[in-house]
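Below is one structure; the comments refer to it alone.
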Amino acid sequence: MDLQLSNDAAILLRSAPCSVELPAGSGKTHLLCAAALLASGQGSRSLILTHTNAGVDAIRKRLVEFHISQDKVRVETLTSWAFTLAKSYSQLAGVDIGDHPDWSKSASYLSGAEKVVKTQAVRRVLRSSFDYLIVDEYQDCTLQLHSFVLALSESIPKAIVLGDRMQAIFGFTGPLVDWNNDVQQRFAAVHIDWLPHRWQRHNQELGAWSLSVRQDLTPGKFFDAKKYSVPGVRFLLNQNGESLRSSAFMNRHPGESVLILGNFPSDDGKIASRLGGAFLVLEDIQGRFIKKHLDAIPHEDSFLLASWLAEFIKECANGVAGLDSAIRSKLRDNKSIAHLQRGVIQDAVISLDSLREQPSYENLLLVADVITRIPSVRIYRREAWRDGLRAIEACLDTAEKSPVDNLAKVRGRLRHSSRNTSLRVVSRTLLVKGLEFDHVIVSDLQRMNNHNHLYVAISRAKKSVTLIGSSASVKLQ
């Protein structure tokens, strides 16, 4: 750790409780980890909280780079920490909690956890367990999350919160904190000089632009992509998908990462499908797409399992055009399809017909494996396909639980393990917050007209940003 970083980290530790605001890519995660390292050197233990599993993963990886002993830090999302507290002290929380989290109940976990941390007994436990409380991405705290953090800080008063109000994109779950009135009133502001670290070894001009463009990203103003002449920044006129395809598959160095950003959940699969399965969809942690399909799965002895599997693979992969409406209609009507010729996916047709005749979850998994192994089938929703099948497979051991019941456990592993992200990803800003990629492609500039989302999008890129739209200009909200 260099001297400047060490000095900055020391300032935070001395100033706690405090807040610091830093732009994207300016070393916020680095500073956070440096503070945790200095604290560990003093024999102190830090509780580090953030909002997303992507953020947790990024922090954990950086902590490894800093060689911080695992017993000196605990890293969680705010809601997973609330779940842990509410589950551990369920009577105090007054919340009925199962073995695995149901994130649609996050608000109840938070309210229960806040009750827990206000008790004297739990305060003593927290006070003896942690010396510092560090909360990242604080701009995304709702007022309920803010209240939870304030309750935690009563037990762990050396609290440090970090954020950037330009990256506040999680307001859909409730009113967000006001940085001036809510944050700085409780956590005094500390000034830290910053540098564009993310771009130093990649594209410094892009880094300078990503920081300077913040002043242009204001609600009510027009953002004009053609206004800028910056190496690595370009605008492409949308030409029926050809601009997206050409930018997605342009020649790049092997091993470079590419992120394509849509705006809505339905965009992910459409974009990945159009690109022939070369890009993978990054699913949300809750697995909403997976749950939608598992909610519709027929009973284990129903002939409709074959129809369900055909529909599922159609929404997860390319190369299955042969499983057309005629095939799926016959499966729904419990009619044979084995005699229908479908070329390279004939094995899938025959296997689905056998599943129709002998329905079971075990046979469904065997047929899914056959489909996966067909060379022409390219699964772009690999995460959804894999975890959906894992949830079904778990029913073989726990027959009393449904696939949907098992999904929470399957997806729950992401709380505790590093998430492997493909080099070619289709996703949305909400899911890639805290991540960085070599190249970022905004697929529809006109629909990414929220100034915070647009800033998060362009600041993910280390080497290039491509903006595609019907016009280079968009009025920001």
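Quick note on numbering: the sequence shown equals residues 1 to 477 in UniProt numbering.
Positions of the beta carbon are idealized from the N, C-alpha and C atoms, including for glycine.
*Tell me which same chain residues have a C-beta within less than 7 angstroms of the C-beta of residue 422, skipping the five on either side of it?*
Apart from sequence neighbours up to five positions away, the residues of its chain that approach residue 422 with a beta-carbon distance below 7 angstroms are 280, ordered along the chain.
*Simplified DSSP assignment, three categories, for residue 316*: coil
*Decide if the region 39 to 56 is in contact with the region 218 to 226; the criterion is three or more beta carbon pairs, one per stretch, under 8 angstroms apart.*
no
*Note down, in chain order, each residue of its chain lying with its Cβ closer than 6 angstroms to the Cβ of residue 62, except the 5 sequence neighbours on either side.*
29, 33
_Here's a check: name, in chain order, each residue in its chain whose Cβ is nearer than 7 angstroms to the Cβ of residue 174, leaving out the five neighbours to either side._
142, 143, 144
*If you draw a straight line from the C-alpha of residue 181 to the C-alpha of residue 162, how long is it?*
15 angstroms
*asked:* Are the CB atoms of residue 261 and residue 75 within a distance shorter than 8 angstroms?
replied: no
*My guess is that residue 365 and residue 337 are in contact by the Cβ rule of under 8 angstroms, so how many angstroms apart are they, rounded?*
So it is not a contact: roughly 20 angstroms between Cβ atoms.
_Along the chain, where does the alpha helix (DSSP H) containing residue 84 start, and where does it finish?_
78 to 88
*Between the beta-carbon of residue 19 and the beta-carbon of residue 187, is there less than 8 angstroms?*
yes
*How about residue 319 and residue 246: do their beta carbons lie closer than 8 angstroms?*
no
*Going by DSSP, which residues form a beta bridge with residue 50?*
77
*Can you tell me the Cα-Cα spacing of residue 148 and residue 123, whole angstroms?*
13 angstroms
*Using a threshold of 8 angstroms, state whether the C-beta atoms of residue 78 and residue 117 are closer than that.*
no
*Could you tell me how far apart the beta carbons of residue 286 and residue 103 are, in whole angstroms, since I believe they sit closer than 8 angstroms?*
5 angstroms
_Helix, strand or coil at residue 374 [DSSP, three-state]_ = coil
*For the region 234 to 253 against the region 338 to 345, are there 3 or more C-beta pairs whose distance is under 8 angstroms?*
no
*When DSSP builds the beta bridges, which residues end up paired with residue 224?*
473
*asked:* Among 107, 113, 71, 100, whose alpha-carbon lies nearest the alpha-carbon of residue 91?
replied: 113
*Use the C-beta contact count for residue 292: other C-beta atoms within 10 angstroms, 16 or more gives buried, fewer gives exposed.*
exposed
*Residue environment, residue 396, which counts as buried when at least 16 other CB atoms sit within 10 Å*: exposed
_One question on the structure: do residue 138 and residue 190 come within less than 8 angstroms of each other, judged by their Cβ atoms?_
no
*Where does the unbroken alpha helix (DSSP H) through residue 33 begin, and where does it stop?*
28 to 41
*Count the other CB atoms, across all protein chains shown, that sit within 10 Å of the CB of residue 356; report buried if there are 16 or more and exposed otherwise.*
buried
_For a test of the three-state rule: what should DSSP assign to residue 118, helix, strand or coil?_
coil
*Is there contact here, the region 461 to 475 with the region 261 to 278, by at least three beta-carbon pairs under 8 angstroms?*
Touching, no.
*Secondary structure of residue 402, DSSP reduced to three states*: coil
*asked:* Am I right that residue 435 and residue 413 are in contact with their C-beta atoms under 8 angstroms? What's the rounded C-beta distance?
replied: At roughly 19 angstroms, the Cβ-Cβ gap does not stay under 8 angstroms, so residue 435 and residue 413 are not in contact.
*asked:* Could you give the first and the last residue of the continuous alpha helix (DSSP H) run that contains residue 183?
replied: First-last for residue 183: undefined, no H or E at that position.
*Does the Cβ-Cβ distance between residue 479 and residue 196 come in under 8 angstroms?*
Residue numbering for the chain in the displayed model covers 1 to 477; residue 479 lies beyond these limits and cannot be assessed.
*Among 454, 468, 379, which has the Cα closest to the Cα of residue 213?*
For residue 213, the closest C-alpha among the options 454, 468, 379 is that of 454.
*Same chain only: Cβ atoms within 8 angstroms of residue 40, ignoring 5 sequence neighbours per side*: 46, 68, 69, 72, 73
*asked:* Using a Cβ-Cβ cutoff of less than 8 angstroms, which residues in the same chain neighbour residue 332 once the five nearest sequence positions on both sides are dropped?
replied: 304, 307
*Look at the alpha carbon of residue 14 and the alpha carbon of residue 449, and state the distance between them as a whole number of angstroms.*
40 angstroms
*Which ranges does the alpha helix (DSSP H) cover as unbroken runs of at least 4 residues, wholly within the region 408 to 448, from first to last along the chain?*
429 to 432
*Beta-carbon proximity check, residue 458 vs residue 238, cutoff 8 angstroms*: Result no, Cβ atoms of residue 458 and residue 238 do not sit closer than 8 angstroms.
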